Amino acid sequence: MHEKISESFIKKLLEIISITEIISSKISLKKSGKYFTAICPFHIEKSPSFVVNEKKQFYYCFGCKTYGNAINFIMKYEKLGFLESIKELSSFYGIKIPKKKIKNIFDKKKTDFFAVNEYMKNFYNQQMHNSTVNLLYSFLKKRQINSSSIKKYCIGFSSSILSYLNRNTKNKKNFFSELKKLNFLHCNKNGKVFDFFRNRIMFPIRNSLGFTIGFGGRALNNAVPKYLNSIENKFFKKRKILYGIYEIKKKKSIA
């Protein structure tokens, strides 16, 4: 049996809470015109570039390009999962979460889904910065994909994931199982496991709340197919999601 928090409750919670109150309980905010500003808690800086828009319930850092709503902030600042962050916000306002038990493990799958996709987004982005593949930089230069775009869209690169995970991931058996479920790792007819997106530019696909729900992988060379996408599931329907929707929403929110 697992705990379930309804989507309707999460929506109402975001309508009730004040992002300024939440963030100011963690860091020092200063009123600046119609916004609030602060030294960004997510990177080292001397001058404040972190902006909170109380009216639109949104934060954005002009320095490291991080942004989101109150849930995103708590997840990142406190290093909590999606459900844990909702519980903290509810506790902050003394709001009781309506709970019910369900027989299946869908909610655990949902938590794992977002957690695994977020981990892989950060992993691919790190690999982009660490890569020494000349073909990668030729590709980026030819298509005028600069460092600003890489930060804004969290663009990454898929190199050899297996060797890295074997060295660095705890509880490998369970994590590898999740990667296989979401098709990051794939098995061929002989049972050999390989990286589904290997040697591809990785474009994280985020929903309107900023959560990574899938990826598009573009081949660097003439590999076929040219594009590979994450497998579709309850959270990711390629035809129903607009790439960059969160970035578009963010741009409107800070305007």
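Heads up, the sequence shown is in the numbering used here, so the first residue is 12 and it goes up one at a time.
No residue lacks a Cβ here, since even glycine has one placed at the ideal position from N, Cα and C.
Since the structure is predicted, the reported quantities are computational estimates derived from the model, not experimental observations.
Who are residue i's beta bridge partners in DSSP?
{"i": "Thr223", "result": "Arg217"}
{"i": "Leu239", "result": "Gly228"}
{"i": "Lys87", "result": "Partner(s): none; Lys87 has no beta bridge."}
{"i": "Lys42", "result": "Phe47"}
{"i": "Val204", "result": "Cys198"}
{"i": "Phe61", "result": "Ala49, Cys72"}
{"i": "Ile212", "result": "Phe168, Arg229"}
{"i": "Tyr78", "result": "Tyr71"}
From which residue to which residue does the alpha helix (DSSP H) around residue i run?
{"i": "Tyr4", "result": "Since the first and last residues shown for the chain are 12 and 266, residue 4 lies out of range."}
{"i": "Phe103", "result": "93-103"}
{"i": "Thr31", "result": "30-35"}
{"i": "Ile27", "result": "18-27"}
{"i": "Asn145", "result": "145-153"}
In chain order, what residues of the same chain have a beta carbon less than 6 angstroms from the beta carbon of residue i, not counting five sequence neighbours either side?
{"i": "Ser142", "result": "Phe168"}
{"i": "Lys162", "result": "Lys76"}
{"i": "Phe150", "result": "Leu231"}
{"i": "Val62", "result": "Tyr46, Thr48, Tyr71"}
{"i": "Cys198", "result": "Val204"}
When the distance is taken between beta carbons, is residue j closer than 8 angstroms to residue i?
{"i": "Leu196", "j": "Ile212", "result": "no"}
{"i": "Tyr238", "j": "Gly228", "result": "yes"}
{"i": "Met131", "j": "Ile166", "result": "no"}
{"i": "Ile34", "j": "Leu40", "result": "yes"}
{"i": "Phe246", "j": "Phe124", "result": "yes"}
{"i": "Glu129", "j": "Thr223", "result": "yes"}
{"i": "Asn194", "j": "Ser159", "result": "no"}
{"i": "Cys51", "j": "Gly79", "result": "no"}
{"i": "Gly92", "j": "Ala126", "result": "yes"}
{"i": "Tyr164", "j": "Phe214", "result": "yes"}
Quick check on the DSSP output: the beta strand (DSSP E) that includes residue i runs from which residue to which?
{"i": "Phe69", "result": "69-72"}
{"i": "Phe323", "result": "This structure cannot settle anything about residue 323, because the visible part of the chain is limited to 12 through 266."}
For residue i, I'd like the list of residues in its chain whose CB is within less than 7 angstroms of its CB, leaving aside the five on either flank, ordered along the chain.
{"i": "Arg250", "result": "none"}
{"i": "Ile21", "result": "Ile97"}
{"i": "Ser101", "result": "Leu24, Ile108"}
{"i": "Ser60", "result": "Cys51, Cys72, Phe73, Gly74"}
| query | How about the segment 247-258 and the segment 218-225: do they share at least three Cβ pairs that are nearer than 8 angstroms? | reply | yes
| query | Between the segment 24-44 and the segment 57-70, are three or more C-beta pairs nearer than 8 angstroms? | reply | yes
| Below 8 angstroms, can you find three or more Cβ-Cβ pairs linking the segment 97-112 to the segment 76-89? | yes
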